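Protein chains in written order, with the numbering used here: chain A, -1 to 204; chain B, -14 to 197.
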């Protein structure tokens, strides 16, 4: 399914469902972040729900690039509540996405600051009760987390959340050119790391 | 040129598609956002948070009250001072210090009294306006003498020029009593203002506690 969205004053065609790629007729939905933010400021709960629907994947992806998988879901809710509390401080309502991305990154840093004194983060490793594909996915996710910070976020948004490059740029407020470069360079490094991992596994089997 | 990695157009690369399928298992499982009732802006916000809230009004009222009390006290003291001077002048007139037929005109507010004698025409020289030419010096650095003079001035006790002579005897006691009364009134006004400010602060604390 495709949707047409106005983000930051720019219209974008966004692919949201990989399985139905190119098969279904595109439904056109025009929504403006500014209008939704104005409604939220007026006390419209439903409008905030729509912003949540539009941006929850972005927030999840940004958090996943920084904090353990098990903590992310709760932090997503937390980020949206913080944003709701601060929404009056948002100067340009068209920049809701970049503003929310910034809040998310700050929240992730805050999480690490708070947990530094309590315990080491060990739940990046697959738990005993996780399924084999999920364990493998977590393993690849850990490989992505070893990449430089600039590549982590776009790669996770691309592969985990299924967002396209233009969608990542539109939602996070980053320049499309830099997102493109980061995805390609990050992919190159990830291929190298995955190749090294396969070679290591092969050596262990022998 | 199609670029599947960038915008999912064109022929998908095998490893990219594999990563999509693998990592897609970790994607966000949407769950409804739980918004507390008090978290929504402009909803369930206490009316006290508006511009004309009770604490703000209380503070404004206290300030206005203090200003009015101050103005009243200053005006009253000026009037008393003027009356004292007028009485002094009257006494001096009755003692024969002024010409017969003259009367005292009191200018309230300015604190100045003039003696007007309608029978005696003012001298022509009195109406002349004397013009004193003052040469304005150019801006210069202050000399050592200037600093010495200033230091000397600072060491000397300050005496107000043309200050009225302090009242003596019974008059002094009356003036002192009036001074005490004025002080008591000022203290009362300050206590009232302080009580109102305390009330406003308590209200603000209560509101912020409820908001939390």
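Ideal Cβ positions, reconstructed from N, Cα and C, are used throughout, including at glycine.
All values derive from a computational prediction rather than experimental measurement.
Residue 54 (chain B) versus chain A: which residues are under 9 Å apart at the beta carbon? Result: empty, since nearest Cβ-Cβ is about 39 Å, beyond 9 Å.
Return the CA-CA distance between residue 177 (chain B) and residue 113 (chain A), expressed in angstroms with no decimal places. 51 Å
Let me know if residue 68 (chain B) comes out buried or exposed under the rule of 16 or more other beta-carbons within 10 Å of its beta-carbon. exposed
So, is residue 73 (chain A) buried or exposed, given that buried needs 16 or more other C-beta atoms within 10 angstroms? buried
Answer with buried or exposed for residue 11 (chain B), where buried requires no fewer than 16 other C-beta atoms within 10 angstroms of its C-beta. buried
Residue 63 (chain A) and residue 151 (chain A) look like a contact to me (Cβ under 8 Å); what is the Cβ gap, rounded to whole Å? 5 Å
Rounded to the nearest angstrom, what separates residue 179 (chain A) and residue 186 (chain A) at their Cα positions? 11 Å
Could you give the first and the last residue of the continuous alpha helix (DSSP H) run that contains residue 50 (chain A)? 43 to 62
Identify the contact partners of residue 75 (chain A) in chain B, using a Cβ-Cβ distance below 7 Å as the criterion. 18 and 19
Between which two residues does the alpha helix (DSSP H) carrying residue 154 (chain A) extend? 147 to 157
Take residue 82 (chain B) and list the residues in its own chain whose beta-carbon comes closer than 8 Å to its own, dropping the five residues that flank it on each side. Confidence at residue 82 (chain B) is low in this model, with a pLDDT of 49, below 50, so the placement of that residue is unreliable and no value is reported for it.
On a CA-only basis, which of A:184, A:35, A:133 and A:132 is nearest residue 90 (chain A)? Give me that one, please. A:35
Indicate whether the contact test is met: 3 or more Cβ pairs, each with one atom in the region 159 to 179 of chain B and one in the region 49 to 67 of chain B, closer than 8 Å. yes
Roughly how many whole angstroms lie between the Cα atoms of residue 98 (chain A) and residue 18 (chain B)? 15 Å
Would you list, in chain order, the members of the region 158 to 170 of chain A that have their beta-carbon closer than 7 Å to a beta-carbon of chain B? 158, 159, 160, 162, 163 and 164
On a CA-only basis, which of B:190, B:194 and B:184 is nearest residue 43 (chain B)? Give me that one, please. B:184
Sequence-distant residues of its chain with Cβ nearer than 7 Å to residue 182 (chain B) (five each side left out): 44 and 47
Rounded to whole angstroms, what is the Cα-Cα separation between residue 189 (chain B) and residue 40 (chain B)? 6 Å
Between A:104, A:65, A:137 and A:60, which has its C-alpha nearest residue 80 (chain A)'s C-alpha? A:104
Stretch-stretch touch, CB-based, cutoff 8 Å, three pairs: the region -12 to 1 of chain B with the region 47 to 58 of chain A: no
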